[in-house]
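Colleague: Heads up, the sequence shown is in this note's numbering, so the first residue is 6 and it goes up one at a time.
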Amino acid sequence: MAGRIPLVLLACGSFNPITHQHMRLFELARDHMHQTGLYRVVGGIISPVGDGYGKQGLVASKHRLAMARLALQSSDWVSVDDWESQQPDWTETVVTMRYHYARLAAQNCCNKGPPTTSDVPQLKLLCGADFMDSFKAPGLWTHEHIEEVVGHFGLVCVSRGSLQPDRAIHESDLLSKHRRSIFLVREWVHNEISATEIRRALRRGHSVKYLLPDSVIEYIKEHKLYTQDSEMKNKDIKLRPLTKQAIQD
Numbered sequence: 006m007a008g009r010i011p012l013v014l015l016a017c018g019s020f021n022p023i024t025h026q027h028m029r030l031f032e033l034a035r036d037h038m039h040q041t042g043l044y045r046v047v048g049g050i051i052s053p054v055g056d057g058y059g060k061q062g063l064v065a066s067k068h069r070l071a072m073a074r075l076a077l078q079s080s081d082w083v084s085v086d087d088w089e090s091q092q093p094d095w096t097e098t099v100v101t102m103r104y105h106y107a108r109l110a111a112q113n114c115c116n117k118g119p120p121t122t123s124d125v126p127q128l129k130l131l132c133g134a135d136f137m138d139s140f141k142a143p144g145l146w147t148h149e150h151i152e153e154v155v156g157h158f159g160l161v162c163v164s165r166g167s168l169q170p171d172r173a174i175h176e177s178d179l180l181s182k183h184r185r186s187i188f189l190v191r192e193w194v195h196n197e198i199s200a201t202e203i204r205r206a207l208r209r210g211h212s213v214k215y216l217l218p219d220s221v222i223e224y225i226k227e228h229k230l231y232t233q234d235s236e237m238k239n240k241d242i243k244l245r246p247l248t249k250q251a252i253q254d
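1) According to the Cβ coordinates, are A73 and V161 closer than 7 Å?
2) Under a three-way DSSP split, which group does I10 fall into?
3) Quick check: the Cα distance between Q61 and L244, rounded to an integer number of angstroms?
4) Give the DSSP bridge partners of P53, in chain order.
5) What separation, rounded to the nearest whole angstrom, lies between the Cα atoms of E202 and P53?
6) Suppose the cutoff is 6 Å on Cβ atoms and the five residues either side in sequence are ignored; what does the same chain contact list for Q92 look like?
7) Within the same chain, show all residues whose beta-carbon is closer than 8 Å to that of A16, passing over the 5 residues directly before and after it, in chain order.
8) Under 7 Å between the Cβ atoms of I151 and L179?
9) When the distance is taken between beta carbons, is W95 closer than 7 Å to Y44?
10) With a threshold of 8 Å, are at least 3 pairs of Cβ atoms found where one atom belongs to the segment 73–84 and the other to the segment 95–107?
11) Identify, in the order they occur along the chain, each residue of the same chain with its Cβ nearer than 8 Å to the Cβ of S90, setting aside the five sequence neighbours on each side.
12) So for S84, helix, strand or coil by DSSP?
13) Please confirm whether M72 has its beta-carbon closer than 7 Å to some beta-carbon of chain B.
14) What span of residues does the alpha helix (DSSP H) with L77 cover, start to end?
15) Can you name the start and end residues of the alpha helix (DSSP H) that Q92 belongs to?
16) For V190, which residues in the same chain have their Cβ closer than 6 Å to its Cβ, ignoring the five residues on either side in sequence?
17) From G210 to K229, what distance separates their C-alpha atoms?
18) Tell me where the beta strand (DSSP E) around V163 begins and ends.
19) Since V221 and A76 should fall inside the 8 Å C-beta cutoff, what is the C-beta to C-beta distance between them, to a whole number of angstroms?
20) What residue range is occupied by the uninterrupted alpha helix (DSSP H) comprising K129?
21) Where does V100 fall in DSSP's three states?
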């Protein structure tokens, strides 16, 4: 790994709740980036979205953070960060990326002066193939933010089931422009674990053992999460990205 570019992978999302699939993304991405021969993955960060996101059924961030930390107790390189979830308003992904890159730069600063480019790890956004579709959803992203996230930082995107991110790149002029900054990871062992389906099973009293870490299942039981009532939370509220973008426009 000597001489390779240090890299940190950042995953943003609801993690409602965190699943084995979420954690597998990191392992798959690290293997792929190492296999390029260019990178040395030095860390991973999970950043749960804030409560102001407004998504239906989104439980409080304190619970999503706690479950993520329980799930990652056995990981020696992926950590959970609460900065995004503690912001007073929903925070754009690009703002979260700027924050973490600035923090990486500060951590690598030395007494000799400001860190050089080679001292500071690169930061790339880790996502599943379904995330790519969000770029074309009206009102969710601005052109400038996509440009910065993809063109400046870069994406590591893992295929999921029948969803293949290469089609999303092909259909988008902007993504095609920055295709060299997008690393596509093929998951050959298909994993269809869905947080949506897990919440549905929990509401119906069905078992989710082996879909989630046991520690997360126990936490959900202890705090009585994912009930019929909790699924109605934010039911008639628009996603904050849509209302925030409308105000800015």
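Each residue gets a CB set at the ideal place from its N, CA and C atoms; glycine is no exception.
Modeller: This is what the structure holds:
1) In this structure, V161 does not lie closer than 7 Å to A73 by Cβ.
2) Under the three-state reduction of DSSP, I10 is assigned to strand.
3) Taking the CA atoms as reference points, Q61 sits about 9 Å from L244.
4) Answer is G18, bridged to P53.
5) The alpha-carbon of E202 is positioned some 19 Å away from that of P53.
6) Contacts found: G55.
7) The beta carbon of A16 sits closer than 8 Å to the beta carbons of H27, L30, F31, G49, I50, I51, S52, L130, L131 and C132 from its chain, once the five residues preceding and following it are set aside; these are given in chain order.
8) Closer than 7 Å, so yes.
9) No. Outside cutoff.
10) Cβ pair count under 8 Å is below three, so no.
11) Cβ neighbours of S90 beyond the five flanking positions: S52, P53, V54, G55, D56, S66, R69 and L70.
12) Looking at S84 - three-state DSSP - the assignment turns out to be strand.
13) The structure shown has no chain B; it contains just one protein chain.
14) Note, L77: premise wrong, no alpha helix (DSSP H); not H, not E.
15) Where Q92 is concerned, there is no enclosing alpha helix (DSSP H), given that its DSSP letter is neither H nor E.
16) Setting aside the 5 residues that flank it on each side, V190 is surrounded in the same chain by L33, A34, H37 and V163, each with a C-beta closer than 6 Å to its C-beta; the list follows chain order.
17) CA-CA distance, G210 to K229, rounds to 11 Å.
18) V163 -> beta strand (DSSP E) spans L160 to V163.
19) Yes, V221 and A76 are in contact; Cβ-Cβ is about 5 Å, under 8 Å.
20) Under the DSSP assignment, K129 falls outside any alpha helix (DSSP H), being part of the beta strand (DSSP E) whose first and last residues are Q127 to G133.
21) Helix, per DSSP.
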